[in-house]
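Chains as they are written, first to last, in the working numbering: chain E, 1 to 392; chain D, 1 to 392. Read through the structure below, which is laid out as structure tokens, and then see the notes.
Protein chains: 2
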Amino acid sequence: MYRTVDASVMRQVNKQTVLSLIYQKSVTSRVAISDETGLNRATVSSLVDELIAEEFVEEIGLGNSTGGRKPILLRFNARAGYAVGIDVQITHVTSVLTNAARDVIHYQRLELEADHGHYTTDWLLGILRQEIQSVTAAMPASPHGVLGVGIALPGLVNHIAGHVIYLPNLGLTDWAIVDDLSRWFPYPFVVDNDANCGAWSEYLARRVNNLVFLNAGVGVGSGIIINGALYRGRDGIAGESGHTTIATNGLICSCGNYGCWEEYASERALARYLREFGVEANVSPHFLSDSVRQAQSGDSAYRQAFQKLGEYLGIGLSNLLQVLNPEVAYLGGTVAEAQPLVFSDIQRVIRHRSMGANKETSIVIAEPTAVALGAAGLAISQTVKMLPVPTT
Amino acid sequence: MYRTVDASVMRQVNKQTVLSLIYQKSVTSRVAISDETGLNRATVSSLVDELIAEEFVEEIGLGNSTGGRKPILLRFNARAGYAVGIDVQITHVTSVLTNAARDVIHYQRLELEADHGHYTTDWLLGILRQEIQSVTAAMPASPHGVLGVGIALPGLVNHIAGHVIYLPNLGLTDWAIVDDLSRWFPYPFVVDNDANCGAWSEYLARRVNNLVFLNAGVGVGSGIIINGALYRGRDGIAGESGHTTIATNGLICSCGNYGCWEEYASERALARYLREFGVEANVSPHFLSDSVRQAQSGDSAYRQAFQKLGEYLGIGLSNLLQVLNPEVAYLGGTVAEAQPLVFSDIQRVIRHRSMGANKETSIVIAEPTAVALGAAGLAISQTVKMLPVPTT
DNA sequence: GGTATTTCGTATGTATGTTAAACTAAATAT
DNA sequence: ATATTTAGTTTAACATACATACGAAATACC
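Here it is in structure tokens:
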């Protein structure tokens, strides 16, 4: 409840500051850390010594002198441990193995049967087990081993309890997923919403303190970073921007509401636009990439459908910018693959619909692995307590 | 940049914790503080002694014993100093004088000429000077005197520089308001957006860590509290929810965009609905309260217009809930006066359009003085550094 | 009524941790 | 060769919270 500070908290905070700094920089030195943080050089020395003893930091030789003793270069020990990140989407599962510095060591993608029909927790548990097994097989030996396994899911998740609340596209509810996985593996597990994972990934990579990560695929959701921490809201369901109204009397949505953004800016929306232009279209594992190819080969129905998608992405993004005034907005999910076809329309609509400084907000396309990487990053952050903490 | 902790920061944080606790509680004691915070009793004693010396805390006698020595009761010294809060709206100006505990000592309201036409900074400066003068005349003597003057403005404000960026309804831009006021008074000044002030007021009153304050009057804006601090975004313009799209091809808004929420859920919108129902109507100082009276006297055009207003308030509020998942949403501004006429429609729409737990978010009607009180609260928080800080 | 017990608050000594300053180490500059 | 500069360590001083003991002042109980 009340946060008080004693000597040990003081040291912990300072140690976290030092490790975070080393984590961000590729290389640095004790004096450089002292200069940047304002901590006394003696304090930095003592903290760094501890971090070296814990094998989270390593000395990698001497740097260049500028007229005096050469600094001992310090680096975050990327090989301190490894983490697994798994991004579960309705059409495919992306898994990564990263080292502690979040470099991707191994990547794999599994297509899911589009017509599988009904999904069960057992079925998904089996897939996750297999993914964890095959990904960790690629892991080298290390002092800390598996720092954690992060799982990104498309829907509502109680990240504290490690429970699935509701995954609309998979039709799964109330599942103690972390408990089930813990029966099979001795690793620390983390589950979170996919957009939250994406947001955390971008935060760790660029340290933008206030950002929005839009995950647009079959559905649309967003992750929000505020003051360098994930913002989850009262019930952990903040960022459900896919189900905000952008057309008061618009199309009915799967959630029962009318005019939800998701109905206008998702893969499902793209398929509908295509049908409106006379093209037979339905969401499937390669639907989006196939459509991008069609559009790029010059098919005008496809081009127009993507243009419409871009405009609606712009409308909803503009709404997010107006409410949150973030430093950067990231566009991730499968829709990000359509960047060349939608980006200019997104930008145009934002410039038209946003006010003042929001017009200039940079919109950045995220890598396809962002969500899986973020899940791994969450797992690392949770285990290595001295790195940035996702929740305040 | 980097937050480090030494002994003095440690003490400062703990002192802030102690004073914040005393500020919230009506009365408490040293041991109770120790129990609640976990701080050692000796530490609490020492911190409380300092706070008493600074006259921010006072001992008010002995409490009841439960079988031992009676506790010395402690209380925040409400008479430590006073603060002024001024809420500037297009139709009226509300000013309050509060003591350090934010009890209202004096209140006054000034109607503004609706047909004044063109507003100037000199004109507004004159009004503010007069308000400050007459409000501080009611101020008793105190150890800290005027802790600060807070001014809430309807529009974009750079609260750090103390500059007005743009007040759309008043047509004022680029005004170093704090500099101008500082030439006339030796008080610490704070300016902020009106909705931010309202949000801060509700936070101080109830300590809800994540909330949204909707200020709906002639225009619509919102203030956002996240993790117990005002969230302002990159450029200090977060919360411009009045200019989010709720109707893609809707009415043109003063901002140039189409389908802004503000065009559907403000006093201007109410006037339009009334005209649609055949009633001659325009925004003026008493337009809203007059309309409420008309509706309550049974006029069906007015009732229907308010119902429509309620529905659209619900749509936009639902969007805010979906994105921010706050603990509570507060409805302030003049539109709050219409509570009996709009509340059930707001609730109904939210229950229909929001997902899961957001359906149950409590919507609370704010007092008409909330914004002015919040401006005073910001001024106090800025001066008395040991109270909750509005920005992290 | 006297004594034990409980609770509040303070005084004292200790532990922890940061800082300042002196010092050592090791480089470059002259 | 010597002076100067920069990196990192050692040492003593200082600040602060904490544990413990203690005194103050009430209630509970015989």
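Even glycine gets a Cβ: it sits at the ideal position worked out from N, Cα and C.
Query                                                                                                                        : Result
Touching by the beta-carbon criterion (3+ pairs, under 8 Å), the region 278-294 of chain D and the region 302-310 of chain D : yes
Beta-carbon neighbours of Pro-326(D), restricted to chain E and to distances below 7 Å                                       : Gly-233, Arg-234
Spatial distance of Ile-22(E) from Glu-36(E) (CA atoms)                                                                      : 11 Å
Interface residues of chain D facing Glu-36(E) [CB-CB closer than 7 Å]                                                       : Tyr-2
Boundaries (first-last residue) of the alpha helix (DSSP H) holding Gly-374(D)                                               : 370-383
Distance CB(Ala-265(E))-CB(Tyr-203(E)) smaller than 8 Å                                                                      : no
C-alpha gap between Gly-236(E) and Gly-239(D), whole angstroms                                                               : 20 Å
DSSP bridge partner residues for Arg-75(E) (one or two, in chain order)                                                      : Glu-58(E)
Chain-ordered neighbours of Leu-110(D) on chain E, where CB pairs are closer than 8 Å                                        : Under the 8 Å cutoff, chain E gives no residues; its nearest Cβ is about 29 Å from Leu-110(D).
Option nearest Ile-363(E) by Cα separation, candidates Val-371(E), Arg-351(E), Gly-356(E)                                    : Arg-351(E)
Cys-197(D) to Val-164(D) span [Cα, whole Å]                                                                                  : 15 Å
8 Å Cβ shell around Thr-248(E) - same chain, five flanking residues per side excluded                                        : Tyr-258, Gly-259
Chain E contact residues for Asn-210(D), given Cβ-Cβ distances below 7 Å                                                     : Gly-233, Arg-234
For His-163(E), the three-state DSSP class (helix, strand or coil)                                                           : strand
Runs of beta strand (DSSP E) wholly within the region 105-155 of chain E (minimum 3 residues, chain order)                   : 146-153
Secondary structure of Gly-316(D), DSSP reduced to three states                                                              : helix
Residue of Arg-30(D), Thr-66(D), Gly-316(D) minimising C-alpha distance to Asp-49(D)                                         : Arg-30(D)
N-terminal and C-terminal residue of the alpha helix (DSSP H) that Ser-45(E) is part of                                      : 41-53
Any beta strand (DSSP E) of 3 or more consecutive residues that is wholly inside the region 220-290 of chain D               : 220-226, 229-231
Counted within 10 angstroms of its Cβ, other Cβ atoms place Trp-175(D) as buried (16 or more) or exposed                     : buried
Leu-128(D) vs Ile-105(D) beta-carbon contact at 8 Å                                                                          : no
Cβ-based neighbour list, Gly-155(D), same chain, cut-off 6 Å, excluding 5 preceding and 5 following                          : Tyr-166, Leu-167, Pro-168
Cβ-based burial, Leu-181(D) [other Cβ within 10 Å; buried from 16]                                                           : buried
Cα-Cα separation, Leu-39(E) to Ala-366(D)                                                                                    : 45 Å
Under the three-state DSSP convention, the category Trp-175(D) falls into                                                    : strand
Beta carbon proximity, Ser-318(D) to chain E, threshold 8 Å                                                                  : yes
Where Asn-14(E) sits in the DSSP three-state scheme                                                                          : helix
Neighbour flag for Ile-346(E) against chain D, beta carbons, 8 Å                                                             : no
Distance CB(Arg-69(D))-CB(Ser-142(D)) smaller than 8 Å                                                                       : no
Limits of the alpha helix (DSSP H) - the one that Tyr-203(E) falls within                                                    : 194-206
CB contact below 8 Å: Glu-280(D) versus chain E                                                                              : no
Cα-Cα separation, Ile-380(E) to Ala-100(E)                                                                                   : 7 Å
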